[in-house]
Amino acid sequence: MWSSKLTILTSQRSTRDWLRYEVPDQWIRRDWRGNYKGQKQIWYLLRLVGRDCDVHLRASEKPEFDAWRWNDYWVPLESVIEFKRDVYQRALNELARYLHRHQPERRATLAVAR
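Residue 3 is where the sequence shown starts when you use the numbering used here, and the numbers rise one by one after that.
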């Protein structure tokens, strides 16, 4: 997902446990129904030590994401799809204690989207 020629992210912390959510049937592709229920995730608090232009989502043969943007750390939960809200809230609450006060809030999280 990230450029292999340059280390541009450093890991600060992660959630202690897996955070899980189930995807409602109407959001699952028909050919995946019955085999796919949701996701479990470990969330990471990362620091960008490079520049925005150093992020290359297409650095791998099969990129998972096609776009990214900076977002405020405290994402308004209304902007998150309903079935993921609890996971977002739990992850953000758990990792918030590790945010550095001198770090601009605009760069406190990296949001990625398909």
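From the three backbone atoms N, C-alpha and C, an ideal C-beta is built for every residue, glycine too.
For Thr17 versus Ala93, is the C-beta distance shorter than 8 Å? yes
Segment contact, 8 Å Cβ cut-off, at least three pairs: the segment 23-30 with the segment 80-87: yes
Closest Cα partner of Trp76 within the set Arg60, Gln43 and Asn95: Asn95
7 Å CB neighbourhood of Tyr46 in its chain, flanking five on each side removed: Ser13 and Ser16
Take Trp70 as the anchor and find which of Tyr38, Glu63, Asp56 and Gln91 has the nearest alpha-carbon. Asp56
Just confirm the distance between the C-beta atoms of Tyr90 and Leu79, as a whole number of angstroms; I'd bet it's less than 8 Å. 6 Å
What residues in its chain sit with their C-beta under 6 Å from that of Arg49, if we drop five residues either side in the sequence? Thr12 and Gln14
Taking the continuous beta strand (DSSP E) assigned at Tyr90, which residues delimit it? Here Tyr90 belongs to no beta strand (DSSP E); instead the alpha helix (DSSP H) covers Arg87 to Ala98.
Is Tyr46 a contact residue of the ligand HEM, with contact defined as CB to any heavy atom under 7 Å? Only the bare structure without any ligand can be found here, which leaves the ligand HEM out of the picture.
Can you check DSSP and say which residues form a bridge with Thr12? Arg49
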